[in-house]
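The structure appears right after this line, and notes come after that.
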């Protein structure tokens, strides 16, 4: 049972336009949500996060929106640049037992076309 | 360089064999996490260690085991390997027992079972 879902395996966007990556989750116990970016042959790197008590967090060209009632979050990249082409993973953080765990979605391959 | 070191980067082995993957966490980090990424799959959590003790288990097969040593490096042992074990194996680290803001990942070990 996937607790974190990214239903779009891929997304292509023109340079300069907005990229919107979506993520849905099922577990109400998640209290932090994160986005990671992954280039080929590298490990995932942290991009941006949001606490469940907020609905928006912005960092430069990246904004994450959280809709708790819909259990949905999205990552907006404006303007998109070719260097943003990568796999983006949505992740949700929550306490399970005595440990905090990070649960990842399956990723979305973003391609920004010049 | 994320500060998390994984060796080897690539490993090719035959079915039925046993391999050991190694991870050195970022300096000062006490927790180590192991994740598996199979083709077209997200990052599946395997196991977590904190300061030498197992803290959480995910979808880790009985054929797999791990440990964290006093110097905080960790090893993931995979035995009786099957073709389906071919995947990218990532190690991540964090200071606490579960970083709210996520983990720092290594660049991974690509395991190919033939």
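Protein chains in written order, with my numbering: chain Z, 79 to 192; chain X, 463 to 576.
Backbone N, C-alpha and C fix where the C-beta goes; we use that ideal spot for every residue, glycine too.
*Hey, does residue 510 of chain X have any beta-carbon neighbour from chain Z nearer than 7 Å?*
Closer than 7 Å to some Cβ of chain Z, the Cβ of residue 510 of chain X qualifies, so yes.
_Sheet register partners of residue 484 of chain X (DSSP bridge)_ = According to DSSP, residue 484 of chain X bridges with X:469, X:537.
*Output, in sequence order along the chain, the residues in the segment 172-188 of chain Z whose CB is closer than 8 Å to any CB in chain X.*
If the cut-off is 8 Å between Cβ atoms, the segment 172-188 of chain Z has 173, 174, 175, 176, 177, 178, 179, 180, 181, 182, 183, 184, 185 near chain X.
*So what's residue 137 of chain Z in DSSP terms, helix, strand or just coil?*
In the structure shown, residue 137 of chain Z sits in a strand (DSSP, three-state: E or B).
*When the Cα atoms are used, what is the spatial distance from residue 195 of chain Z to residue 105 of chain Z?*
Residue 195 of chain Z is absent from the model: chain Z starts at 79 and stops at 192.
*Would residue 165 of chain Z pass as a contact of residue 187 of chain Z if the rule is Cβ separation under 7 Å?*
At the C-beta level, residue 165 of chain Z and residue 187 of chain Z come within 7 Å of one another.
*Return yes when the Cβ of residue 488 of chain X is within less than 7 Å of the Cβ of residue 465 of chain X, no when it is not.*
Their beta carbons are under 7 Å apart, which means residue 465 of chain X touches residue 488 of chain X by this criterion.
*By the criterion of Cβ-Cβ separation under 7 Å, what are the contact partners of residue 568 of chain X in chain Z?*
Here the neighbours are 121.
*State whether the segment 102-121 of chain Z contacts the segment 161-175 of chain Z, with contact taken as three or more CB pairs (one from each stretch) at a distance under 8 Å.*
Flag = yes, the segment 102-121 of chain Z and the segment 161-175 of chain Z touch.
*Where does residue 158 of chain Z land, buried or exposed, given buried means 16+ other C-beta within 10 angstroms?*
By the 10 Å Cβ count, residue 158 of chain Z comes out buried.
*Say whether chain Z places a C-beta atom closer than 7 Å to the C-beta of residue 518 of chain X.*
Using a CB distance cut-off of 7 Å, residue 518 of chain X counts as an interface residue toward chain Z.
*Could you check what DSSP says for residue 180 of chain Z in three-state terms: helix, strand or coil?*
Strand at residue 180 of chain Z.
*Which value, in whole angstroms, describes the spacing of the CA atoms of residue 491 of chain X and residue 569 of chain X?*
Going by the C-alpha atoms only, they are around 17 Å apart.
*Close Cβ partners of residue 556 of chain X (< 6 Å) along its chain, the five nearest in sequence each way excluded*: Contacts found: 491, 493, 565.
*Measure the alpha-carbon distance for residue 90 of chain Z versus residue 126 of chain Z and round it to whole angstroms.*
Put simply, the backbone Cα of residue 90 of chain Z is about 21 Å away from that of residue 126 of chain Z.
*Could you run through the segment 80-91 of chain Z and flag, in chain order, every residue whose CB is less than 7 Å away from some CB of chain X?*
For the segment 80-91 of chain Z, which is checked against every Cβ of chain X, not one residue is closer than 7 Å.
*Residue-level contact to chain Z via CB, residue 546 of chain X, 7 Å cutoff*: With 7 Å as the cut-off, residue 546 of chain X does not count as an interface residue toward chain Z.
*In this structure, what does DSSP give as the bridge partners for residue 83 of chain Z?*
Residue 83 of chain Z is bridged to Z:102.
*Hey, how far is the Cα of residue 132 of chain Z from the Cα of residue 141 of chain Z?*
Residue 132 of chain Z and residue 141 of chain Z: Cα-Cα distance of roughly 12 Å.
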